[in-house]
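Below: the structure, in C-alpha cells.
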Amino acid sequence: MDVILFLVFAIIAVVCAINVVVQTHPISSAVSLIGVMGSLAILYLLLGAEFIAAAQVIVYAGAVMVLFVFVIMLLNAGTETRKGRSLMVQVLGVPLLITLLGLVAFFVQRLYPQATVHFGGFRGGTAEAIGRALFTTFLLPFEITSILILIAIVGAIVLARKELE
Amino acid sequence: MIDSFVVISLIKVLVVFAVLMTTLAYLQWVERKVIAHIQVRPGPYRVGPHGLLQPLADVIKLITKEDLVPPYVNKPLYLLAPFLAITMALLSISVIPFGPEIKVAGYSTWMQLTDLNIGVVFVLAVSSMGVYGIALGAWASNNKYALLGGLRSSAQMISYELPMSLAIAAPLLVSNTLSLRTLVERQSGSILQWNLLHGPFPQVFSFIIFVIAAFAETNRVPFDLPEAENELVAGFHTEYSSMKFASFFMAEYANMITVSSMAVLLFLGGWMAPWPAAYGSSLVPPLIFAIAGLIALYHGLNYSRKRDKYTLPAFGVIFLIIAGIFLLPMVQAWLLPLFWFCAKTGAILFAFMWIRGTLPRFRYDQLMGFTWKFLFPVAMLNLLVTGFLVAWFS
Numbered sequence: 601m602d603v604i605l606f607l608v609f610a611i612i613a614v615v616c617a618i619n620v621v622v623q624t625h626p627i628s629s630a631v632s633l634i635g636v637m638g639s640l641a642i643l644y645l646l647l648g649a650e651f652i653a654a655a656q657v658i659v660y661a662g663a664v665m666v667l668f669v670f671v672i673m674l675l676n677a678g679t680e681t682r683k684g685r686s687l688m689v690q691v692l693g694v695p696l697l698i699t700l701l702g703l704v705a706f707f708v709q710r711l712y713p714q715a716t717v718h719f720g721g722f723r724g725g726t727a728e729a730i731g732r733a734l735f736t737t738f739l740l741p742f743e744i745t746s747i748l749i750l751i752a753i754v755g756a757i758v759l760a761r762k763e764l765e
Numbered sequence: 029m030i031d032s033f034v035v036i037s038l039i040k041v042l043v044v045f046a047v048l049m050t051t052l053a054y055l056q057w058v059e060r061k062v063i064a065h066i067q068v069r070p071g072p073y074r075v076g077p078h079g080l081l082q083p084l085a086d087v088i089k090l091i092t093k094e095d096l097v098p099p100y101v102n103k104p105l106y107l108l109a110p111f112l113a114i115t116m117a118l119l120s121i122s123v124i125p126f127g128p129e130i131k132v133a134g135y136s137t138w139m140q141l142t143d144l145n146i147g148v149v150f151v152l153a154v155s156s157m158g159v160y161g162i163a164l165g166a167w168a169s170n171n172k173y174a175l176l177g178g179l180r181s182s183a184q185m186i187s188y189e190l191p192m193s194l195a196i197a198a199p200l201l202v203s204n205t206l207s208l209r210t211l212v213e214r215q216s217g218s219i220l221q222w223n224l225l226h227g228p229f230p231q232v233f234s235f236i237i238f239v240i241a242a243f244a245e246t247n248r249v250p251f252d253l254p255e256a257e258n259e260l261v262a263g264f265h266t267e268y269s270s271m272k273f274a275s276f277f278m279a280e281y282a283n284m285i286t287v288s289s290m291a292v293l294l295f296l297g298g299w300m301a302p303w304p305a306a307y308g309s310s311l312v313p314p315l316i317f318a319i320a321g322l323i324a325l326y327h328g329l330n331y332s333r334k335r336d337k338y339t340l341p342a343f344g345v346i347f348l349i350i351a352g353i354f355l356l357p358m359v360q361a362w363l364l365p366l367f368w369f370c371a372k373t374g375a376i377l378f379a380f381m382w383i384r385g386t387l388p389r390f391r392y393d394q395l396m397g398f399t400w401k402f403l404f405p406v407a408m409l410n411l412l413v414t415g416f417l418v419a420w421f422s
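Taken in sequence, the protein lines are chains A and B. Under this note's numbering, the first residue of the first sequence carries the number 601, and numbering increases by one thereafter. Under this note's numbering, the first residue of the second sequence carries the number 29, and numbering increases by one thereafter.
Printed below as a string of C-alpha cells:
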C-alpha cells in the first residue's frame, strides 16, 4: 500500500516538475509547481513526518506559491516565445542530462550504500519533536536563517524604494 | 476487524456527506430568511410551506441551466478552479469532531471521520490551498472584473491568514495539543473550562480576532470585496454559470461551516454542555424545542396568513416530538453532544448572517490597513501574553 502510494505520488511529482519547465505560460508552470509541492507533502506524510508535510503545504503550496501566482497575475505575463536555440544545446542537451542523472545516481549509491526507506518509520516528525529540535539542537542555524530572511526583506525594500525615487 | 473499520468509515463518510450537503442547501434558505426578516420582509415563501422547498428548486435550476464555457478562457484552469475550490472546502470537514465516542449496534466509534494528531494544522493547510480555486478561476476567466476580484481575494486571504494563525496558536498554548478531539476533551466540565474563559489567560481577544479573520477568509460581508457587485459585476465568478457557479457558492458556505466549527472547537468547548448534566443541562434542549413547538402552535391557532393555519401547527407538533426524543435515555448519549455542537456552530453562523444584514462593506485600503496595522500586532501581543502566562503558571 505504502509502496503504491509512494510510486503514484513520486510519478506525479516528477511529471509536474518536468511540466514546470515544459509549459510556456508562467501560470501553468506555477500550477505545476504547486503540484510538485503537494506531492512532496504526501511523500513526507508517507515517511511519517506529518508536521513537516503540513508545514510544506502551508508555507510552500499555500503562501509562497500564492505570492508567485499573485505576482504573475499582477504583471500580466504573457506566453513565452521560443527563440532560436544554439546548435550546442540541440546536440548535447539530452546526452549531458543523462550523464548528470547517472552521476548523481552513482554518487548517491556510493555514499549511502545501505540506504533503505522505512515508510512511517521516522519518529521525529511530530510537532513536539520539531519544536524541541528547533529550540535546542538547531537553535543557532534557526536564528541565523531568520536573520538572513530579515536582511533579505530589508534589502528588497531598499531596492524597491530606490526605484521609486 | 479491518473490514468492520472500513464499513464503519464508509457509512460515516456517507452520512457526513449527505448531512453536509443538505445543510449547505438549507443554510442558503436560512440566510435568505434571516436577512429578509432583518429587512422586514417575508423572504422565500412560495415554494413549499415558508419556502422550505426553495433549496430543492434552486438545485434543480442550477443543474438544468446551460453550462456555458466562454471561448476566450484558459480552459484547463477554468475547469480546474471550481473543482479545486469545492474539494478544499469539503476536505477540512473530515477532521472536525461532532461528538464523543458512541456505541451503535455493538460497535463503538467516534462522531468524527478521522482524528489527526495535527488536526488544527491540517485545517490551516487545506484552507490555505482554498485560495487557488478563487485566484486561478479568476485569472483563467480572462475577464478584467474577475481578475480584479481574484487579486483582491488572494491578497486579502494571505493577509488575514496571519492574524488567524496567531489567534489559533494562543488557545493551543492553553490546551497544549494539536488534535481537535483532545482539544475538546481538555475543555470538558463547565463553561469556565472553555478556552474562551479558561485561565491562565481567557482567550476572549483570540476569539474576536479569529472571528474577524474568519469573515475575511470566507469573503463575507463586511470583507466581501472580491465579489463587490456594484464595482466588479460578480467578482471572481463572473464568467461561471450553472454547476460551476454552484461549486463556488457551495465552497463559500462549506468554508463558513468549517470556520464556525473551528471557532466552536477552539474556544467554545466543542460538543460539551455549558454546565454539567447533574445541574440539568440535559433538560435545556427539550425545553427549547418545547417552547418553540408551543409558540408555533399558538401562532397556528391565531394565524395571520391563511396558509399558516395548517403549516404552523404541523411544525409545532414536530418540535414537540423532537423535544420528546431528547428525553429518551438511549439517544441522549449522542443526541445531546450533537445538539450542543450544532447549537454553538449555528449561533456563529447566525452572526455571519446578522452582520451581512447590518454592516456595509469596507474600502480596500481600510481592509488592508486594518489587518496589518491593527489586527496583526494585537494578535501578536495576545500570543505573547498568553505564552508568558502559560509558562508562568505551569
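Note that the Cβ used here is the ideal one computed from N, Cα and C, for glycine as well. No experiment lies behind these values; they were computed from the predicted model shown.
Cβ of residue i within 7 Å of any chain B Cβ
i	result
M673 (chain A)	yes
I642 (chain A)	no
I744 (chain A)	no
F670 (chain A)	yes
G648 (chain A)	no
V664 (chain A)	no
V615 (chain A)	no
H753 (chain A)	Inspection of the sequence shows that residue 753 (chain A) is occupied by Ile rather than by His. Answer no: the Cβ-Cβ gap between I753 (chain A) and chain B never drops below 7 Å.
I618 (chain A)	no
V657 (chain A)	yes
A654 (chain A)	yes
A630 (chain A)	no
Residue range of the unbroken beta strand (DSSP E) whose run includes residue i
i	result
E129 (chain B)	127-132
T137 (chain B)	135-139
Pair within 7 Å by beta-carbon distance, residue i and residue j
i	j	result
G177 (chain B)	G297 (chain B)	no
S275 (chain B)	D95 (chain B)	no
F742 (chain A)	L750 (chain A)	no
Y106 (chain B)	A168 (chain B)	yes
Q231 (chain B)	A198 (chain B)	yes
L317 (chain B)	I350 (chain B)	In the sequence on display, residue 317 (chain B) carries Phe and not Leu. It is a contact, given that the beta carbons lie within the stated cut-off.
G725 (chain A)	E650 (chain A)	yes
Y660 (chain A)	M688 (chain A)	no
Secondary structure of residue i, DSSP reduced to three states
i	result
S746 (chain A)	helix
Y392 (chain B)	helix
Y331 (chain B)	coil
Y100 (chain B)	coil
R723 (chain A)	coil
W362 (chain B)	helix
L296 (chain B)	coil
L260 (chain B)	helix
R710 (chain A)	helix
R180 (chain B)	helix
Q67 (chain B)	coil
Y54 (chain B)	helix
R60 (chain B)	helix
E267 (chain B)	coil
A113 (chain B)	helix
P302 (chain B)	coil
First and last residue of the uninterrupted alpha helix (DSSP H) at residue i
i	result
S216 (chain B)	Neither: S216 (chain B) is in no alpha helix (DSSP H) and is coded neither H nor E.
M601 (chain A)	First-last for M601 (chain A): undefined, no H or E at that position.
N223 (chain B)	Segment: none, N223 (chain B) is in no alpha helix (DSSP H) and carries neither H nor E.
T339 (chain B)	336-354
V87 (chain B)	82-92
T414 (chain B)	404-421
Q231 (chain B)	Neither: Q231 (chain B) is in no alpha helix (DSSP H) and is coded neither H nor E.
V666 (chain A)	665-675
Y660 (chain A)	It is not in any alpha helix (DSSP H) - Y660 (chain A) carries neither H nor E in the DSSP assignment.
Proximity test, Cβ basis, 7 Å: residue i and chain A
i	result
A306 (chain B)	no
L206 (chain B)	yes
F407 (chain B)	Note that residue 407 (chain B) is Ala in the sequence shown here, rather than Phe. It does not: the Cβ of A407 (chain B) has no partner Cβ on chain A nearer than 7 Å.
V34 (chain B)	no
L260 (chain B)	no
I196 (chain B)	no
L201 (chain B)	no
I346 (chain B)	no
Neighbour list for residue i in chain B, Cβ cutoff strictly below 8 Å
i	result
F775 (chain A)	The question about residue 775 (chain A) has no answer, for chain A in this structure spans 601 to 765.
Contacts that residue i makes with chain B (C-beta to C-beta distance below 9 Å)
i	result
G731 (chain A)	Here the premise fails: no neighbours, minimum Cβ distance about 11 Å.
I772 (chain A)	This structure gives no information on residue 772 (chain A), because the portion of chain A shown stretches from 601 to 765.
Partners in chain A for residue i, counting only beta-carbon separations shorter than 8 Å
i	result
G178 (chain B)	M673
V159 (chain B)	G662, V666
Residues that residue i contacts on chain A, provided the C-beta gap is smaller than 7 Å
i	result
M381 (chain B)	The premise fails here: M381 (chain B) is roughly 28 Å from chain A at the closest Cβ pair, so nothing lies under 7 Å.
Under 9 Å from the C-beta of residue i: neighbouring residues of chain A
i	result
W167 (chain B)	I627, V669, I672, M673
Contacts that residue i makes with chain B (C-beta to C-beta distance below 7 Å)
i	result
A760 (chain A)	Within chain B, no residue comes near A760 (chain A); the closest Cβ sits about 17 Å away, beyond 7 Å.
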